[in-house]
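Numbering (my numbering), first residue to last: 3 to 355.
Please read the structure below before turning to the comments.
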Amino acid sequence: MSQRSPEPQQIPVVVLAGFLGSGKTTLLNHLLHRSGGSRIGAIVNDFGVIEIDAMAVAGALGDSTVSLGNGCLCCAVDASELDQYLERLAEPSLGIDVIVIEASGLAEPQELVRMVLASEHPRIVYGGLVEVVDAAEFDDTRARHPGIDRHLALADLVVVNKVDRAADGERVLGLVRSLVDGAAVVPASYGRIDPEFLFDCRPSEERIGQLSFDDLHEHGEDDDHAGHLHSSYDSLSFTSAQPLDPRRLMEFLDSRPEGLYRIKGYVDFGPHDVRNRYGVHAVGRFLRFYPEPWPSGEERLTQLVLIGSGIDAPALDKELDACRSDAPHADEHGMWGVLRYVRDPDEDPAGPA
3 MSQRSPEPQQ IPVVVLAGFL GSGKTTLLNH LLHRSGGSRI GAIVNDFGVI
53 EIDAMAVAGA LGDSTVSLGN GCLCCAVDAS ELDQYLERLA EPSLGIDVIV
103 IEASGLAEPQ ELVRMVLASE HPRIVYGGLV EVVDAAEFDD TRARHPGIDR
153 HLALADLVVV NKVDRAADGE RVLGLVRSLV DGAAVVPASY GRIDPEFLFD
203 CRPSEERIGQ LSFDDLHEHG EDDDHAGHLH SSYDSLSFTS AQPLDPRRLM
253 EFLDSRPEGL YRIKGYVDFG PHDVRNRYGV HAVGRFLRFY PEPWPSGEER
303 LTQLVLIGSG IDAPALDKEL DACRSDAPHA DEHGMWGVLR YVRDPDEDPA
353 GPA
């Protein structure tokens with residue numbers, strides 16, 4: 003029997019939403035500047051006027067694609083064109099590592115999320131809904147736009163921006179946490195969050211000759227802000243040479259705590275599937291497994307990375323440790339919970355998550 007080819011490298015698609023003035027464009031600029039060599043495809047929904055990097059891009063951009071000079075691309079689209087641009091940006095020749103969709107300040111983020119989930123492109127995977135709120139204007143924004151509570155309830159990650167300008171930032175953070183449904187809530191100033199929350203930054207490569215845009219920006223950034231990005235999130239790396247029990251792992255995943263935003267890596271289920279390892283991708287409440295044949299000669303390990311805000315890493319490590327199993331034989335129905343999250347070509351695009 004021929005083995006299935008490994009899944010192509012997938013590109014996370016992050017939907018960046020928030021009402022007008024919350025700081026979405028500032029956050030997108032920050033991601034572009036701090037990409038660390040990762041190539042970002044930026045899609046701007048309901049394009050008007052946006053300043054990206056040091057360049058102002060006006061509505062005359064239409065439906066074209068513009069190179070931003072630092073390894074990133076920007077597209078101006080409306081919702082009806084979204085799938086077409088996702089397909090274009092997923093072309094391997096472009097080398098895109100992550101796609102960020104900046105929604106209009108008046109857009110319904112749920113519709114953009116649904117469109118991303120509905121994409122049948124094998125390289126596209128949902129990367130989460132990030133809702134940006136203005137801490138200094140949060141009370142007034144809720145009064146003008148009561149729909150913000152619904153948006154927060156849908157979010158996978160909430161960035162409470164401009165906390166430095168809010169008279170009572172802690173109260174606003176507490177209020178936002180009371181309105182989310184298990185999402186990580188991260189305070190920020192000037193839209194500065196660690197990109198690792200959203201995508202895997204490529205390690206810096208040695209460069210000879212002219213400095214890159216990233217080099218110039220990194221050394222020019224205000225030192226008061228540049229050194230504190232990692233304080234906004236916690237991470238845990240878990241490795242096991244012993245297979246994991248699928249039932250126990252699903253119990254862990256189904257009860258993952260508030261603030262645990264991303265889970266990524268590979269799982270060895272041992273006798274439950276001796277041919278395949280299972281790539282796992284979880285963002286917020288979204289979960290998907292990707293079975294693929296074990297690479298020839300590679301040690302069979304479970305390797306997971308968990309990223310969140312305010313998570314108890316030692317407790318999570320202990321819970322994952324309890325998922326190890328030395329059972330020599332598979333439980334007949336043990337994989338059922340996992341297989342619910344393996345996408346079938348004929349399933350509802352929104353999946354069970």
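All C-beta atoms, glycine included, are put in the ideal place defined by N, C-alpha and C.
I'd like the span of the beta strand (DSSP E) that includes residue i, first residue to last.
| i | result |
| --- | --- |
| V269 | 262-269 |
| E294 | 288-295 |
| V15 | 13-19 |
| L306 | 304-310 |
| V282 | 278-285 |
With a threshold of 6 Å on Cβ separation, who are the neighbours of residue i within its own chain once the five nearest residues in sequence on each side are excluded?
| i | result |
| --- | --- |
| Q12 | R125, V127 |
| G43 | L75, L91, I98, I101 |
| P197 | L33, R36, C203 |
| R144 | I150 |
| A228 | With a pLDDT of 40 at A228, under the threshold of 50, the modelled position of that residue is not reliable, and the figure given next carries that caveat. Correct list: empty, nothing qualifies. |
| A324 | none |
| R385 | Because the chain is modelled from 3 through 355, residue 385 falls outside the range shown and cannot be assessed. |
Compare the beta carbon distance of residue i and residue j with 8 Å and say whether it is the shorter of the two.
| i | j | result |
| --- | --- | --- |
| G30 | V102 | Contrary to the premise, residue 30 reads as Leu rather than Gly in this sequence. Yes, they are a contact pair. |
| E133 | A157 | yes |
| I309 | S239 | no |
| F271 | Y343 | no |
| G299 | G130 | no |
| Y263 | S311 | yes |
| I313 | G261 | yes |
| F201 | Y235 | no |
| H123 | L88 | yes |
Please look up how many angstroms separate the CB atoms of residue i and residue j, rounded, as I've assumed it's under 8 Å.
| i | j | result |
| --- | --- | --- |
| S121 | D85 | 6 Å |
| S327 | L246 | 6 Å |
| L306 | V340 | Between V340 and L306 the Cβ distance is about 14 Å, and since that is not below 8 Å, they are no contact. |
| P248 | M337 | 5 Å |
| R293 | A329 | Checking the displayed sequence, the identity of residue 293 turns out to be Pro instead of Arg. Not a contact, Cβ separation roughly 20 Å. |
| N278 | P297 | In fact, because the Cβ distance is near 11 Å, the residues do not count as touching under 8 Å. |
| L289 | L255 | 6 Å |
| V15 | V118 | 5 Å |
Apart from the five residues just before and just after residue i, which ones in its own chain have a Cβ nearer than 8 Å to its Cβ?
| i | result |
| --- | --- |
| V178 | V135, F140, L154, V160, V162, V187 |
| L18 | K26, L29, L30, V102, I103, E104, A105, V132, V134 |
| L175 | A137, V162, V165, V187, P189 |
| L303 | T241, S242, A243, Y268, D270 |
| A284 | L255, R258, R264, I265, K266, R290 |
What residue range is occupied by the uninterrupted alpha helix (DSSP H) comprising residue i?
| i | result |
| --- | --- |
| D236 | No alpha helix (DSSP H) contains D236, which is instead part of the beta strand (DSSP E) from 236-242. |
| H32 | 26-35 |
| A145 | 140-146 |
| P316 | 315-323 |
| E252 | Checking the sequence shown, residue 252 turns out to be Met, not Glu. Element bounds for M252: 248-256. |
| V340 | 338-341 |
Residues in its own chain within less than 7 Å of residue i by CB, not counting five upstream and five downstream?
| i | result |
| --- | --- |
| P148 | none |
| S24 | V134, V135, D136, N163 |
| L318 | L238, L308 |
| P94 | none |
| P316 | none |
Using a threshold of 7 Å, is the CB atom of residue i nearer than that to any non-hydrogen atom of the ligand GDP?
| i | result |
| --- | --- |
| V135 | The ligand GDP is not part of the structure shown, which contains no ligands of any sort. |
Note to self: Ignoring anything shorter than 4 residues, give me the alpha helix (DSSP H) runs that lie fully in the region 83-135, in order along the chain.
What the structure shows: 84-91, 111-120
Check: Going along the chain, which unbroken runs of the alpha helix (DSSP H) with 4 or more residues stay wholly within the region 151-205?
Finding: 171-181
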